[in-house]
Amino acid sequence: MKILVYSFRDFDEKGAFDALCAEAGFDYATCPDYPSVENAVLARGCDAISIIVCDMNAALLEALAAQGVRYICTRSIGTEHIDMAAARRLGLRVASAVYSPASVANYAIMLMLMACRRFPYVLERAWLQDFSLKGKLGRELSEMTVGVIGLGRIGRTVLAHLSGFGCRLLGYDPRENAAPGLCEQVPLEAIWHECDVISLHCPATAENHYMIDAAALAAMKPGVILVNTARGTLIDTMALIDALESGKVGAAALDVIENEYGLYYINHTGEAMANRELALLSAFPNVIVAPHTAFYTDVSIRDMARCTVEACLAFEQGEPYAFEVR
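Numbered according to our numbering, the sequence shown spans residues 783 to 1108.
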């Protein structure tokens, strides 16, 4: 078994892949770039590839299959970046990853606190030696109602950790009784109407594309704080910008944005970025835009590498894998 690891980072992933592949008896090769039709030839002789979130379209999957690739392992929980219809047609088995829910949960709560206390603005002014108080008045998270949308492993961890803050906690999930004892599970409309802070923890699907649109924003409490560490397509960016300009949204803390493929995890210093929404969002003093790093801890990196190797082991032995994508 040989694996080609695309978007490989030797400064944080090498140790995990070295140890895990040696233990499994696998060979692995690396490529620092995203997979593409042009570099698919690098996968010749490899049984599997490991990827991060990138555009895995039908043409690219066909190019990889032509090189003999049989397995696609994404080092991410979400799989919406993979054309699963094409993968099934080509007979490619696909696996996702699962990693420490605390990594994203901790980060989401950090963003809530930063937004509540206007911390990026406070820090920016401090760097300029402006130690005045005007314009820096914060809000106390403990006095707020926090709504968590998506009550999977990460959403439930957010709720468990927030319980120590004394917030009123509401949750929404299509599944009934998804977080017993952690929150009051309510309809989505109640989240809009009652929450001071709304945190997103759901996958990107066709059904929840633009879950937060102009109508949803209009139904929210004035001054609401939005936190997104899930997927950029859950929020209509231009509707959010309108709501920020009007003051309807008091603050936004976004670890993910729309159209981030080819943007994050690359050094673009000095470049003119072809992403107007990012430029507009970054111009607001009450908006935090982070480069999709909520997952990025030492524990999660090891978990992602482990999932790649475990999936390949299961696939090679013809066994089911818990995180195979059907």
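Glycine residues also receive a C-beta, built at the ideal position from the N, C-alpha and C atoms.
The model shown is predicted, which means the values in this text are computed figures rather than measured ones.
Strictly by DSSP, which residues pair up with T770?
This structure cannot settle anything about residue 770, because the visible part of the chain is limited to 783 through 1108.
Tell me the rounded alpha-carbon separation between V904 and D794.
Taking the sequence shown and counting its residues from 1, the one referred to as residue 904 is at position 122. Taking the sequence shown and counting its residues from 1, the one referred to as residue 794 is at position 12. Distance between the alpha carbons of V904 and D794: 32 Å.
In terms of residues, what are the limits of the alpha helix (DSSP H) holding V886?
Residue 886 sits at position 104 when you count from the first residue of the sequence shown. Element bounds for V886: 883-898.
Span of the alpha helix (DSSP H), counted from its first residue to its last, around C803:
As a working note, residue 803 is residue 21 in the sequence shown. Here the alpha helix (DSSP H) through C803 covers 796-806.
Could you name the residues of the same chain whose beta carbon sits closer than 8 Å to that of E844, not counting the 5 residues immediately before and after it, in chain order?
For this step, residue 844 is matched to residue 62 along the sequence shown. For E844, where only same-chain residues beyond five positions count, the Cβ hits under 8 Å are A868, L872.
Which whole-angstrom value is the C-beta distance of L933 and A961, which I expect to be below 8 Å?
Residue numbering aside, residue 933 sits at position 151 when the sequence shown is read from its first letter. Residue numbering aside, residue 961 sits at position 179 when the sequence shown is read from its first letter. Going by Cβ atoms, the distance from L933 to A961 rounds to 4 Å, so yes, they are a contact pair.
Selection from P902, A811, A908 that minimises the alpha carbon distance to F1066
Counting from one through the sequence shown, the residue named residue 1066 turns up at place 284. Comparing Cα-Cα distances from F1066 to each of P902, A811, A908, the minimum goes to P902.
Can you tell me where the beta strand (DSSP E) holding V979 begins and where it ends?
On the sequence shown, position 197 is the one that residue 979 refers to. Counting along the chain, the beta strand (DSSP E) containing V979 begins and ends at 979-982.
How close, in whole Å, do the beta carbons of L1026 and A1034 come, if the pair is a contact with beta carbons under 8 Å?
Position 244 of the sequence shown, counting from 1, holds the residue named residue 1026. Position 252 of the sequence shown, counting from 1, holds the residue named residue 1034. Contact holds; Cβ gap of about 7 Å.
Report the three-state DSSP secondary structure of V1006 (helix, strand or coil).
Translated into positions along the sequence shown, residue 1006 becomes position 224. V1006 falls in the strand class under three-state DSSP.
Would you report the Cα separation of L1095 and M1055, rounded to the nearest angstrom?
For the purposes of this step, residue 1095 is identified with residue 313 of the sequence shown, where counting begins at 1. For the purposes of this step, residue 1055 is identified with residue 273 of the sequence shown, where counting begins at 1. Taking the straight line from one Cα to the other gives about 40 Å.
Does the distance from the C-beta atom of I936 to that of P883 stay below 9 Å?
Numbered from its first residue, the sequence shown carries residue 936 at position 154. Numbered from its first residue, the sequence shown carries residue 883 at position 101. For I936 and P883, yes; Cβs fall inside 9 Å.
Look at T939 and A887 and say whether their C-beta atoms are less than 9 Å apart.
Sequence index remark: in the sequence shown, residue 939 carries index 157 (1-based). Sequence index remark: in the sequence shown, residue 887 carries index 105 (1-based). Taking 9 Å as the Cβ cut-off, T939 and A887 qualify as a contacting pair.
So, C965 versus L941, is the Cβ gap smaller than 9 Å?
Your numbering for residue 965 matches position 183 in the sequence shown. Your numbering for residue 941 matches position 159 in the sequence shown. Yes, these two residues count as a Cβ contact at 9 Å.
Residue range of the unbroken beta strand (DSSP E) whose run includes S832
Position 50 of the sequence shown, counted from the start, is the residue given in the question as residue 832. Unbroken beta strand (DSSP E) run through S832: 830-833.
Go ahead and label H1074 buried or exposed: buried means 16 or more other beta carbons lie within 10 angstroms of its beta carbon, across all protein chains shown.
Start at 1 with the first residue of the sequence shown, and residue 1074 comes out as number 292. Under this definition H1074 is a buried residue.
Enumerated in chain order, which unbroken segments of the alpha helix (DSSP H) with a length of 4 residues or greater are wholly contained in the region 924-993?
935-944, 970-976
Can you give me the C-alpha to C-alpha distance between R1058 and L944, rounded to a whole angstrom?
Indexing the sequence shown from 1 puts residue 1058 at position 276. Indexing the sequence shown from 1 puts residue 944 at position 162. Each residue's Cα considered, the two are about 34 Å apart.
If we count the other Cβ atoms within 10 Å of its Cβ and call it buried at 16 or more, is R900 buried or exposed?
The residue given as residue 900 occupies position 118 in the sequence shown. Buried.
Identify, in the order they occur along the chain, each residue of the same chain with its Cβ nearer than 6 Å to the Cβ of A877, setting aside the five sequence neighbours on each side.
Within the sequence shown, numbered from 1, the residue matching residue 877 stands at position 95. For A877, where only same-chain residues beyond five positions count, the Cβ hits under 6 Å are C855, A1093, Y1103, F1105, E1106.
For I1039, which three-state DSSP category applies?
Residue numbering aside, residue 1039 sits at position 257 when the sequence shown is read from its first letter. Looking at I1039 - three-state DSSP - the assignment turns out to be coil, as it is neither helix nor strand.
Spatial neighbours of G1112 in its chain, beta-carbon cut-off 7 Å, leaving aside the 5 residues before and after:
Lying outside 783 to 1108, the shown extent of the chain, residue 1112 is not represented and no answer is given.
Check Y903 in the structure and name its three-state DSSP category.
Counting from 1 along the sequence shown, the entry for residue 903 is found at position 121. Helix at Y903.
Buried versus exposed call for I1048 [16 or more other C-beta atoms within 10 Å across all chains shown]:
As a working mapping, residue 1048 is identified with position 266 in the sequence shown. Exposed, since its Cβ has fewer than 16 Cβ neighbours within 10 Å.
For a quick check, are the C-beta atoms of V930 and L951 less than 9 Å apart?
Position 148 of the sequence shown, counted from the start, is the residue given in the question as residue 930. Position 169 of the sequence shown, counted from the start, is the residue given in the question as residue 951. Their beta carbons are under 9 Å apart, which means V930 touches L951 by this criterion.
Those residues which DSSP pairs with C855 across a bridge
Here residue 855 corresponds to residue number 73 of the sequence shown, with the count starting at 1. S832, A877.
Straight-line Cα distance separating V968 from K796
Reading the sequence shown from its first residue, position 14 is the one you call residue 796. Reading the sequence shown from its first residue, position 186 is the one you call residue 968. Computed Cα separation, rounded: 44 Å.
Provide the residue(s) that pair with M838 in DSSP beta bridges, ordered along the chain.
Against the sequence shown, residue 838 aligns to sequence position 56. DSSP output for M838 lists I864 as bridge partner(s).
So, is S1082 buried or exposed, given that buried needs 16 or more other C-beta atoms within 10 angstroms?
Counting from 1 along the sequence shown, the entry for residue 1082 is found at position 300. Answer is buried; the Cβ neighbour count reaches 16.
Which class does A1033 belong to by DSSP, given the choice of helix, strand or coil?
Start at 1 with the first residue of the sequence shown, and residue 1033 comes out as number 251. Of the three classes helix, strand and coil, the one that applies to A1033 here is strand, per DSSP.
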